[in-house]
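Numbering (the numbering used here), first residue to last: 596 to 768.
For reference, the structure discussed in these notes is given below.
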């Protein structure tokens, strides 16, 4: 039962850090998309906005993961080693590409189905506030992307970097 509680609290801490990182990602993504010129192609705007949001959020996420999230880690693992920093960044980059693919796909889907340009949600939001369909579609797609990438990030980091200590068998005791 104690082990189950530790995992539950670890997941809860991961979710809290995920919310903080996601908030930063959302704000940075939105600001970059808002301030880039309208003449730039949507795909480029999405790629730049998503990448900028990713960079800010992954730095905060890394620091909080080491300090607070993963407390039940094998003491033989130096989570701050250059190797593990590289692994954290590499695994996060895979998450970035998953997120990029999802956002580009969502952008194409929203344009095709509803003629909604997700990059224009700040303009539409300023005019229509909470009645902005573009804002709600963007937020829904952003949440779906985040849920998928958050799950990938937790599992990949837990299984590859922040491994729990091996349980001792009766023979080792």
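Glycine included, every Cβ here is placed at the ideal spot set by N, Cα and C.
Predicted model only: the values in this text are computed from it and were never measured.
For residue 682, the closest alpha carbon among the candidates 623, 756 and 728 is that of 756. Distance from the CA atom of residue 701 to the CA atom of residue 729, rounded to whole angstroms, is 12 Å. 8 Å or more divides the Cβ of residue 698 from the Cβ of residue 646. Excluding the 5 residues flanking it on each side, residue 638 has same chain C-beta neighbours closer than 7 Å at 699, in chain order. The stretch 707–723 makes no contact with the stretch 651–670: fewer than 3 CB pairs, one atom from each, lie closer than 8 Å. In this structure, residue 736 sits away from residue 716, with a CB-CB distance that is not shorter than 8 Å. Residue 620 is not a Cβ neighbour of residue 640, given a cutoff of 8 Å. Between residue 687 and residue 748, the beta carbon gap of about 7 Å places them in contact (Cβ cut-off 8 Å). For the options 745, 761, 751 and 758, the alpha carbon positioned closest to that of residue 612 is the one of 745. Annotation: residue 633 to residue 626 spans about 13 Å, alpha carbon to alpha carbon.
Residue 663 places its beta carbon less than 8 Å from that of residue 608. When secondary structure is reduced to three states using DSSP, residue 677 falls in the helix class. A straight line joining the alpha-carbon of residue 689 with that of residue 750 spans about 13 Å.
Residue 738 counts as exposed, since fewer than 16 other beta carbons sit within 10 angstroms of its beta carbon.
Taking 8 Å as the cut-off, the Cβ atoms of residue 693 and residue 649 do not count as close.
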